[in-house]
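Heads up, the thing below is written out as structure tokens.
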Amino acid sequence: MATRQQTAFDWQVQAWKSHWAGHHGLILASTGMGKTKAAWLGPLGDWLQDPLSQEHWTHRKRGPSTPPLLALWITPLRALASDTCLALEDCIQGLGVPWSLEQRTSDTSSSLKQRQRQSPPTAMVITPESLTLMLSYPESLETFKHLRTVIVDEWHELLGSKRGIQTELALARISRIAPTVRRWGLSATIGNIDHAKYSLVGQSASAPCSIIRSDQQRLIDIELVIPQAIDRFPWAGHIGLVMLKEVIAKIESANSTLVFTNTRNQTELWYQAILRARPDWAGQIAIHHGSLAPELRTWVEQAIVDGKLIAVVCTSSLDLGVDFAPVDQVIQVGSPKGTARLIQRAGRSGHSPGRSSKLVFVPAHAFEIIELEAARQAISQKQIEQRRAIDAPLDCLVQHAVTMALAKPYAKQEFLEEVRSTYAYRNLADEHCDWVLDFVTTGGCLHAYKDFHRVALDFGKYAVIDQAVSRRHRMSIGTITSDMMLQVQYLKGGKIGFVEESFAAKLKEGDKFLLGGKLLEMVWIREGTVWVRKTKGDPTAVPRWLGGNMPLSSELALGVRRWIDAIARKEPLPDSLQALCGLMDLQRLWSHIPRLDEVLVERLTNREGDALMLYGFEGRSVSEGLGALLAYRISKERKNTISIAVNDYGLMLYAPDSIGIDTKSLVHWLSQKELQADILSSLNATELTRRRFRDIARIAGLIHSGTPGQSKSMRHLQASTSMVFDALKQYDPANLLLWQASDEVLSDQLQIHRLKETLTRMEESRWVHVDLKQWTPFSFPLMVERIRDRIGNESLAQRIRKIQNQLEQGTASESRSLTKSKRSAEKGNMQSRDTNP
1 MATRQQTAFD WQVQAWKSHW AGHHGLILAS TGMGKTKAAW LGPLGDWLQD PLSQEHWTHR
61 KRGPSTPPLL ALWITPLRAL ASDTCLALED CIQGLGVPWS LEQRTSDTSS SLKQRQRQSP
121 PTAMVITPES LTLMLSYPES LETFKHLRTV IVDEWHELLG SKRGIQTELA LARISRIAPT
181 VRRWGLSATI GNIDHAKYSL VGQSASAPCS IIRSDQQRLI DIELVIPQAI DRFPWAGHIG
241 LVMLKEVIAK IESANSTLVF TNTRNQTELW YQAILRARPD WAGQIAIHHG SLAPELRTWV
301 EQAIVDGKLI AVVCTSSLDL GVDFAPVDQV IQVGSPKGTA RLIQRAGRSG HSPGRSSKLV
361 FVPAHAFEII ELEAARQAIS QKQIEQRRAI DAPLDCLVQH AVTMALAKPY AKQEFLEEVR
421 STYAYRNLAD EHCDWVLDFV TTGGCLHAYK DFHRVALDFG KYAVIDQAVS RRHRMSIGTI
481 TSDMMLQVQY LKGGKIGFVE ESFAAKLKEG DKFLLGGKLL EMVWIREGTV WVRKTKGDPT
541 AVPRWLGGNM PLSSELALGV RRWIDAIARK EPLPDSLQAL CGLMDLQRLW SHIPRLDEVL
601 VERLTNREGD ALMLYGFEGR SVSEGLGALL AYRISKERKN TISIAVNDYG LMLYAPDSIG
661 IDTKSLVHWL SQKELQADIL SSLNATELTR RRFRDIARIA GLIHSGTPGQ SKSMRHLQAS
721 TSMVFDALKQ YDPANLLLWQ ASDEVLSDQL QIHRLKETLT RMEESRWVHV DLKQWTPFSF
781 PLMVERIRDR IGNESLAQRI RKIQNQLEQG TASESRSLTK SKRSAEKGNM QSRDTNP
């Protein structure tokens, strides 16, 4: 490194000095500004100042002896591990430090994992799940005793999630084994720094925590690609692939481009569309998402670094950490729904100090142009979304109690002190700790079943003595829950990736679907594998993975409302919003544009039924909560059948007959009295809680996915979960895991905190009620959402285009009438002037 004449930034030097002084630390710097070196050269420099005596080194059967495990680099994505290893190894080689470096993720071979347990490297790049698994073995006490530093990369990705809780618990265990270990976190986008700091270093840190901020600001050049004509009646997704020519032109203008979409199925569709339009790019463009086989993802990542690809269509699998210096620009298709995600993705381009990032935004909906301006403003004002803290989830604690009992018997007080040293469990009640330990030893009301007696209490110590429990628990360590994944494999043996079981179950022999940018024909499903062959033609199905709809963040929602207020006030607007003038002028003419302190309610009654639209501009999840609450309360008194349609901007209640209420009474129907009880009743809370309990039961070890090669089907797991859920409801209704499931439904799925804030804002606002004669630009997208699943033989696009044409004809007719009236008035005025002397 010295031969390259690299000059350190002041903030990097500050990080190294803080590390050498024994401090914990949190490094906050834009993507590509040198966070990796700022964190990694600390422990390397520490070794140069204070090397470990060779009597403690690890002796290997093959190769020279190396120092024991001294540093851990925790990465949230296994896809980052290989690239991270290259960057860390470069520093090791540059300084001539005799360290060995390896990675450990779920992709690591069993033989290497076994060797790492017996002869660990000096440094290891590892995921939270793999770290917890290593801590479950008795030899972990020896493996980690010399550890000096733990670095958590992309710390913001773990904050506010159960994986973050799992990481906190693992760090607490490590600190018990190696009390002087230093904890460092890295992030480019953190909104609540105090939460990030305390979650990283714990409730009672043994050393000060330094906050290191980069003094270099990464410039982000954001370009908006606006369609030549913006429909005055927009609908979600209608631009999308219509912008294909513009996207291809942008790809042609750069040497290397990442094209981000928000979902994996959109990635498959965009990749196919680009390749169909430019077949000469075959071999020069690629696809990347988390459901592809590891070897395919690795090949794509290396091809980007080597400059072999002109474009990669990807999802969040490339959001983080990977150093793609050759990438010139990023294209974002559709709104990322959050400022932090936009910054993260933009930072994939110009990924080195001194370079600016270039992001090209392609809206998939006309109103997403407003979202972009809100995000652009938030970036300039350094307003990043805050991650909500998760407070003491008991499913994670149940898993941790078993994991630690595998490694070493422990007493209750020892366990309680270790757990309370984390920020998440700092206020853990004694009775909750007692309940967890009792549950893992007796199974509670499930005590009749031997499988739930996982931990034995012997002479005041908790330990696992059943080898079957040990094997089963280690295979289920982790907090990532999703639909069961099935391997997709060619008949000749090559692996392509994974699809969720719920999708595979609907496939019939001969069905064609896209995966990894390839058109595949399903042959059969056997032994948990979907066997396929390559084919030609058009797909009959596109895999859909869970998590397709990302809600608009509360910070971005506020920015959207502020820009709509500016439009309502007719204030000067940036060029991008000028493109919406035709759409907004029509909304103003036919209805109203709400100010910041107003709530707009529209109503349209025609021969098809009665539709009531309420606009909160708070994101899809809040719209769902408001819609369900209104429909439930109205139906309870009016006995109506009401359907609901929602988007990020508002909701629609629809009834074939009259909804039966006066729009001016909506404030009454949205009262916060009995809010929690009514919102749970409106959304079939028992079923929602049952679904959430499935994830909690997996994390807590109450159900098992099976062993490798003998995985259980999703139907089997659902049946098992339902049996456990019903048993607890009947015989142990006060079970704390049931309470947690209900609480998570309210806080995560229904976002009850945002719903309450929205209702409070609405109560304090002025309500504007408008009776419509036809659909407006605001209401048209909601109408589209309502008919998406009821389009008969017509395609959705054809049906919507027909309605749009009818509305445009009505607009033209009204425009001619207004012009005629204006001319008549002017003619009358002229005649009046002529007759007056």
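Per the numbering used here: the sequence shown = residues 1 to 837. Built from N, CA and C at the ideal position, the CB exists for glycine as well. Keep in mind the model is a prediction, meaning the values are calculated, not measured.
Beta-bridge partners of D458 (DSSP): K461. For H668, the uninterrupted alpha helix (DSSP H) run begins and ends at L666 to W669, by DSSP.
The criterion of a C-beta distance shorter than 8 Å is not satisfied by H453 and A340. F144 carries a coil assignment under DSSP once its states are collapsed to helix, strand and coil. Beta bridge pairing from DSSP links Q103 with V125.
Counting every other CB atom within 10 Å of its CB across the protein chains shown gives Y649 a total of 16 or more, marking it as buried.
Within the same chain, Cβ atoms closer than 8 Å to the Cβ of A178 are found at F144, K145, H146, L147 and R148, the five residues on either side in sequence being excluded. Between the region 630-642 and the region 575-583, the count of Cβ pairs shorter than 8 Å is below three; the stretches do not touch.
The straight-line gap separating the alpha-carbon atoms of A303 and F513 is approximately 25 Å. Per the DSSP secondary-structure output, S316 pairs with nothing in a beta bridge. Look at H288 here: in three-state DSSP terms it is strand. Leaving aside the five residues that flank R176 on each side, the residues in its chain whose CB is nearer than 6 Å to its CB run, in chain order, E418. Per DSSP, reduced to three states, the secondary structure at K37 is helical. Per DSSP, the continuous beta strand (DSSP E) segment holding V770 begins and ends at R766 to D771. Only buried fits T267, as 16 or more other CB atoms lie within 10 angstroms of its CB. Rounded to whole angstroms, S256 and S765 show a C-alpha spacing of 49 Å. In the DSSP assignment, Y654 forms a beta bridge with A611 and S643.
Cα atoms of I567 and N192: separation of roughly 31 Å, rounded to the nearest angstrom.
DSSP places R213 in the uninterrupted beta strand (DSSP E) bounded by C209 to R213. Going by DSSP, Q749 is part of no alpha helix (DSSP H) at all; its letter is neither H nor E. Going by DSSP, K162 is part of the alpha helix (DSSP H) stretching over K162 to I177.
Cα atoms of M475 and Q487: separation of roughly 18 Å, rounded to the nearest angstrom.
In the structure shown, the three-state DSSP call for Y410 is strand.
I752 is positioned such that its CB atom lies no closer than 8 Å to that of P393.
An exposed status is given to V13, since fewer than 16 other beta-carbon atoms sit within 10 Å of its beta-carbon. Residues of the same chain with a CB within less than 6 Å of the CB of T721, apart from the 5 flanking positions on each side, are R694, A697 and I703 in chain order. If you draw a straight line from the Cα of C396 to the Cα of T479, it comes to about 7 Å.
The C-alpha of E55 is placed about 54 Å away from the C-alpha of Q749. In the structure shown, Q487 falls within a strand segment according to DSSP collapsed to helix, strand and coil. Looking only at G443, N427 and P294, the smallest Cα-Cα distance to S109 is reached by P294.
Within its own chain, the residues whose Cβ lies closer than 8 Å to the Cβ of E373, once the five positions on either side in sequence are excluded, are G559, W563, P574, S576 and L577, listed in chain order. Of the other Cβ atoms in all chains shown, 16 or more fall within 10 Å of the Cβ of G619; this residue is therefore buried. S187 carries a strand assignment under DSSP once its states are collapsed to helix, strand and coil.
The residue from L556, A286, M723 and I310 with its alpha-carbon nearest to that of Q329 is I310. Boundaries of the alpha helix (DSSP H) harbouring F780: F780 to I787, taken from the DSSP string. Between H288 and L318, the gap from beta carbon to beta carbon is short of 8 Å.
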